[in-house]
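Worksheet for the structure shown next.
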Amino acid sequence: MVQPAVMGERWWARLALVILSFVVLGFMISLAVSIGEISIPLETTAKAVSNRLFGTAFELSRIHQGIVWDYRLSRALLAASAGAALALSGAILQALLRNPLAEPYVLGISAGASTGAVAVMILGFGYGVLTLSTGAFIGAVVAFILVSALAAGAGGGADRIILAGVAGSQLFNALTSYIVTTSANAEQARGVMFWLLGSLSGVRWPDVYLAAPVALIGFAVSMFYARALDAFTFGVDAAAALGIAINRVRIILLGATALMTAAMVSIVGSIGFVGLVIPHAARFLVGPSHGRLLPASAIIGAIFMVAADIVSRIIIPQQILPIGVVTALFGAPAFALILYKARRPV
Amino acid sequence: MSISIHDVHWSAGGLMIVNGISIDVAPGKTLGLLGPNGSGKSSLLKLICRLRNVKSGVIALGNTDIAGMARLDIARRVALVEQQATTEAQVTVLDVVRLGRTPHRGPLSPWSAADDKAVNDALRHVGLPERSGQLWHTLSGGERQRVHIARALAQTPSELLLDEPTNHLDIQHQLEILSLVAKLPVTSIIALHDLNLAAMFCDNLAVLHHGKVVATGTPEQVLTEDLIADVFGVRAYIERSAHHGRQHVHYRLD
Ligand SMILES: Nc1ncnc2c1ncn2[C@@H]1O[C@H](COP(=O)(O)OP(=O)(O)OP(=O)(O)O)[C@@H](O)[C@H]1O
Ligand SMILES: [Mg+2]
Chain A
1 MVQPAVMGER WWARLALVIL SFVVLGFMIS LAVSIGEISI PLETTAKAVS NRLFGTAFEL
61 SRIHQGIVWD YRLSRALLAA SAGAALALSG AILQALLRNP LAEPYVLGIS AGASTGAVAV
121 MILGFGYGVL TLSTGAFIGA VVAFILVSAL AAGAGGGADR IILAGVAGSQ LFNALTSYIV
181 TTSANAEQAR GVMFWLLGSL SGVRWPDVYL AAPVALIGFA VSMFYARALD AFTFGVDAAA
241 ALGIAINRVR IILLGATALM TAAMVSIVGS IGFVGLVIPH AARFLVGPSH GRLLPASAII
301 GAIFMVAADI VSRIIIPQQI LPIGVVTALF GAPAFALILY KARRPV
Chain B
1001 MSISIHDVHW SAGGLMIVNG ISIDVAPGKT LGLLGPNGSG KSSLLKLICR LRNVKSGVIA
1061 LGNTDIAGMA RLDIARRVAL VEQQATTEAQ VTVLDVVRLG RTPHRGPLSP WSAADDKAVN
1121 DALRHVGLPE RSGQLWHTLS GGERQRVHIA RALAQTPSEL LLDEPTNHLD IQHQLEILSL
1181 VAKLPVTSII ALHDLNLAAM FCDNLAVLHH GKVVATGTPE QVLTEDLIAD VFGVRAYIER
1241 SAHHGRQHVH YRLD
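Chains A and B are the protein sequences, given in the same order. Residues in the first sequence are numbered from 1 upward in steps of one, following this note's numbering. Residues in the second sequence are numbered from 1001 upward in steps of one, following this note's numbering.
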């Protein structure tokens, strides 16, 4: 019998696993709030959060209270939402496209979202009507349609979509660079480039109020279709023969993916590797069944992203690395390790 | 009738691939679908479970035109074993057979005892109950085929469509799978290349050629030396087997 590393067939084992992962996530978020240029003891963090959430009146310095609540907690929660959403998007795309390399970044959806956001921000497209997030959403959808059309035109199939995605990423990144170099002033340009590598600086509560619900809705929608995703194991025809309304499922789930990607890219920029690596790690731990894979991807993605944010802030003293750089630095070797561990017996 | 196909046309790539086919299959009967490569067998099976939509004509399950049926209702009745279907996912035999329960489960309903029974029965029917934990990509070609058949059986269909189910199977399992299908109280349509197996296990045969039915009836009526020469371009000698009483085809090279 070959079994995934952590199966949890029994209900209490599964429950314990869920509780454990939330404890780890909570701990990671507390760490993220405590660690930084000004280091804050965990106890102070707990007091500050309790002051805001439960109206307690612990004695705290204004500065500590402000750093914990206004800067670091919002930032950590955003990292968690973005990690969960990107990992979910990867898991969904890998199932629907039946390609283990599919994820928003590889398919050019992130690049399209960036172009959309930059077009709104610098060119002022639909200014006043379109927000940055809507611009990113339109960009994400346009990119996905373009990439799908390109893949279909090239004869369809699981490998074509990746090739088309690579072409799409190049195109949209070139467009973004073009907009930035021709229209942005120096300060805008620096801001945009930093943001295209992924950055959590400047994140505030309103961003969390967008990102967290999007991640939760994305999770709920994909869980509702978890069995439909399983049915795609042997391809589209096999799914249809099992009674899956394939067009509806594809439109809803691809829409949810575009929405999650766009929301995250519009707030933190495009962050690679999370969508690719995390679902593989989750699959290695809990197996390919989406009823387990999706929650595992979401929670591992959240934990990973919060950890990556901590690393990005402490790895170089006095400097913050773009978080996309950290996810790639850790993601690439992790991916190699997973491929090695999960390799087929020959 | 359990499955009735009336004057069905379907085209793809500018070619008429199914060109006015009419066939009826009575409940519980097994129909063998014969014909050379590219004659339209797989295409017809896909039309019957509406993986493709007919261009004209009617396909009915019982008295209901499938054009008006929900995808889910079709899947609760009709199971299809495709000619070639594989996956890169790290799924086990059990994962695959469990997929057969998909049309019978809501998106949130838990796994039931009935689901368990259907899956276990199906695994037993194809002789793979001990292999349920084995990974798909480690299975042999014939074992994969049997797992697909088990998945279709776990769907507890009343109509079963099999596209060359004996491909890759050793002779013992070819005989086992076909006698199982012939015995099951379901209506089946089996695309087959082996004329002798078709004669042994099917109640009726339909021969396709260039998207048209060129002969239908019992194996005795259909399998004639002339038909085999016309459709397959092969000279044959046919006799009634002294051993099982069915038609038996000998091929001649002279
Ligand atoms: N989507 C399509 N586009 C173009 N041609 C198609 C398409 N689908 C099927 N065909 C053609 O239709 C013909 C019938 O195909 P089908 O798969 O039904 O044959 P078959 O009888 O199952 O053959 P085999 O015995 O080789 O399995 C073939 O010539 C095939 O090339
Ligand atoms: Mg065929």
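C-beta: ideal position from N, C-alpha, C; glycine also.
Asked	Found
Can you determine whether any heavy atom of ligand 1 sits closer than 7 Å to the C-beta of I1017 of chain B, and answer yes or no?	yes
What is the residue span of the alpha helix (DSSP H) that K1212 of chain B lies within?	Note, K1212 of chain B: premise wrong, no alpha helix (DSSP H); beta strand (DSSP E) at 1212-1217.
Do L1205 of chain B and P1219 of chain B count as a contact pair if the criterion is CB distance below 8 Å?	yes
If we call anything under 8 Å between Cβ atoms a contact, is H1168 of chain B one with G1141 of chain B?	yes
Starting from the Cα of V24 of chain A, find the closest Cα among A:I300, A:A211, A:F234, A:M260 and give me that residue.	A:I300
What do you reckon, are the CB atoms on T45 of chain A and S34 of chain A nearer than 8 Å?	yes
Given the structure, does S1042 of chain B come close to ligand 1, in the sense that its CB is under 7 Å from one of the ligand's heavy atoms?	yes
Counting only runs that start and end within the stretch 1004-1058 of chain B, where is the alpha helix (DSSP H) found for 4 or more residues in a row?	1041-1048
Evaluate F54 of chain A with the Cβ neighbour count: other Cβ atoms within 10 Å of its Cβ, from every protein chain shown; 16 or more gives buried, anything less gives exposed.	exposed
Which residues does DSSP list as the beta-bridge partners of Q1247 of chain B?	B:R1240
What does the alpha-carbon distance come out to for the pair L1044 of chain B and N1019 of chain B?	10 Å
Give the DSSP-derived three-state secondary structure of H1168 of chain B in the structure shown.	coil
Against chain A, which members of the stretch 1082-1101 of chain B pass a CB distance test of less than 8 Å?	E1082, A1085, T1086, T1087, E1088, A1089, Q1090, V1091, T1092, D1095, V1096, L1099, G1100
Distance cutoff 8 Å, beta carbons only. Does I1074 of chain B sit that close to anything in chain A?	yes
Between A:T176, A:P317, A:G83, A:A32, which has its C-alpha nearest S114 of chain A's C-alpha?	A:T176
To the nearest angstrom, how far is the alpha carbon of L130 of chain A from that of V118 of chain A?	12 Å
Examine ligand 2 and report whether any of its heavy atoms sits within less than 7 Å of the Cβ of A1191 of chain B.	yes
What in chain A is Cβ-close to L1080 of chain B, meaning under 7 Å?	A241
Taking all protein chains shown into account, do 16 or more other C-beta atoms lie within 10 angstroms of the C-beta of W1136 of chain B, making it buried, or fewer, making it exposed?	buried
Find out if the Cβ-Cβ distance for the pair A239 of chain A, A231 of chain A is shorter than 8 Å.	yes
Tell me whether Q1083 of chain B, by its Cβ, gets closer than 7 Å to a heavy atom of ligand 2.	yes
Strictly under 8 Å for the Cβ-Cβ distance: is G153 of chain A near chain B by that measure?	no
For A91 of chain A and T233 of chain A, what's the separation of their Cα atoms in angstroms?	13 Å
Would S222 of chain A pass as a contact of L253 of chain A if the rule is Cβ separation under 8 Å?	yes
Taking only beta-carbon positions, decide if P206 of chain A is within less than 8 Å of chain B.	no
Kindly identify the DSSP beta-bridge partner or partners of S1188 of chain B.	B:T1030, B:L1160
What residues from chain A crowd round L1123 of chain B, counting only those whose CB sits closer than 9 Å?	Simply none; closest approach about 14 Å.
Is A256 of chain A near ligand 1, going by C-beta to nearest heavy atom under 7 Å?	no
Count the other CB atoms within 10 Å of the CB of N99 of chain A; is the residue buried (16 or more) or exposed (fewer)?	buried
Would you call the CB atoms of L1195 of chain B and V1181 of chain B closer than 8 Å?	no
Grouping DSSP H, G and I as helix and E and B as strand, with all else coil, what is R250 of chain A?	helix
Measuring only the C-alpha atoms, how far is L146 of chain A from E103 of chain A?	16 Å
Is there at least one non-hydrogen atom of ligand 1 closer than 7 Å to the beta-carbon of A245 of chain A?	no
Out of B:L1192, B:G1127, B:R1050, B:P1103, point me to the one whose CA is closest to M1069 of chain B's CA.	B:R1050
Counting only C-beta atoms, is F172 of chain A closer than 8 Å to chain B at any point?	no
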